[in-house]
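Residue numbers (the numbering used here): 512 to 815.
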Amino acid sequence: VSPTHSPRLLCLFSLGTTEKTLVEVLTQRSNAQRQLIAQAYEKATGRKLVADLKGDTHGDFEDVLVALVTPPGAYDSQEVIRAIKGAGTTESTLTEIFASRSNGQIKALSDAYLAETGKSVVRDLQSEVSGDYGKALLILAEGKRDESTNVDAAKAKADAKALYEAGEKKWGTDEAKFIDILCHRSVPQLRQTLVEYKTISKKTLQESIEGEMSGALEDLLVAVVKCVKNVPAYLAERIFKSMKGAGTDESTLTRILVSRSEIDLLDIRAEYKKLFGFTLYSQLEGEVSGSYGEVLKRLCGQDG
């Protein structure tokens, strides 16, 4: 069915439309359907839906609606652009995106980045990030992590031993060894390495990284370890931190709920309740309001 066949979608074509209609229409469709709506909108009006949304809405509400009508790879790309433009670099955003995305998602991000800027995302990141953090992030940004599902038990033992000897066992830390193993090996392989590491060290690898490293590199390698264990739990924690304390970090909240809405948001909800003892929906009710809050609550869905 053509998206223009619905009277409620046709409301979008007169952008004196109500916020309620925008919320209802855009939160009840998949991203693929929203792309069809955007195409039909442009055909009917001669204007781009994103441009009209930007002209007709503002603030966090505008940001979340624009995110909803942007293809996933292009949205990730825009978040990276936002993280590296201006005076400082937002390492926490770069860490979250590159630690939690699959090779396929990173390729979609890179392709969109090239289409939008005419430049390579890896090359642009090179001029923005440095040191060991930069080395690790650039490996992840290449999107070439081994994706084999086979686990080599002997290799996992050898890697665990190498990590132990590069950190806990020696004076000073061989960061390059941590970066090489954690940023190249497949997720199933690394899961086994985490088990072997605890056997050798009596500490978890996360505890060792936290004891041996600091700053952005520590944050990135801890994020990688958390994502190896459980991406939804890592993102649930990021959401919780975005709403903790005095103000709400709306950009993190928007990015995770929109980008994961068709991937693992149900799992994130389950992990959230397990980790913090209350539902994500109830937390959103207390933290975000107005049309922006309504969009996030609809994306999240009530989870009992």
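Just so it is clear, CB atoms sit at the ideal spot from N, CA and C, and this is done for glycine as well. Because the structure is a prediction, the values reported are computed rather than measured.
Through-space distance from residue j to residue i, alpha-carbon basis
i, j, result
"Ala727", "Phe751", "20 Å"
"Phe572", "Glu718", "39 Å"
"Lys714", "Lys737", "15 Å"
"Val742", "Ser802", "29 Å"
"Gln637", "Pro699", "29 Å"
"Ser800", "Asp670", "48 Å"
"His569", "Val536", "18 Å"
"Leu795", "Ala734", "24 Å"
"Met724", "Leu716", "12 Å"
"Gly788", "Arg780", "11 Å"
"Glu553", "Asp563", "10 Å"
"Ala549", "Glu721", "46 Å"
Supposed close pair residue i, residue j - CB separation, criterion 8 Å
i, j, result
"Leu674", "Phe689", "6 Å"
"Asp643", "Glu686", "5 Å"
"Cys811", "Leu791", "5 Å"
"Leu693", "Leu732", "6 Å"
"Gly584", "Ala623", "4 Å"
"Lys646", "Asn614", "The Cβ separation is near 19 Å, so there is no contact."
For residue i, three-class secondary structure by DSSP
i, result
"Val512", "Confidence in Val512 is poor, its pLDDT being 42 and thus under 50, which makes the residue's placement too unreliable to answer from."
"Ala568", "At residue 568 the sequence reads Thr, which differs from the Ala that was named. Thr568: coil per DSSP, three-state reduction."
"Asn661", "coil"
"Gln813", "coil"
"Ile548", "helix"
"Ile774", "coil"
"Gly683", "coil"
Residue-level contact to chain B via CB, residue i, 9 Å cutoff
i, result
"Arg696", "Absent from the structure is chain B; it holds one protein chain and no more."
query = With a cut-off of 8 Å, do at least 3 Cβ pairs link the stretch 613-630 to the stretch 567-578?
reply = no
request  = Taking 8 Å as the threshold, find out whether the stretch 751-766 comes into contact with the stretch 626-636 through three or more Cβ pairs.
outcome  = no
ask   = Using 8 Å as the Cβ pair cut-off and three pairs as the minimum, do the stretch 630-640 and the stretch 664-679 touch?
value = no
task = Could you pull out every unbroken alpha helix (DSSP H) segment of at least 4 residues lying fully inside the stretch 686-762, listed in chain order?
result = 686-695, 698-712, 716-723 and 726-754
key: Ranges of the alpha helix (DSSP H) found wholly within the stretch 586-641, counting only runs of at least 4   = 602-611, 614-628 and 632-637
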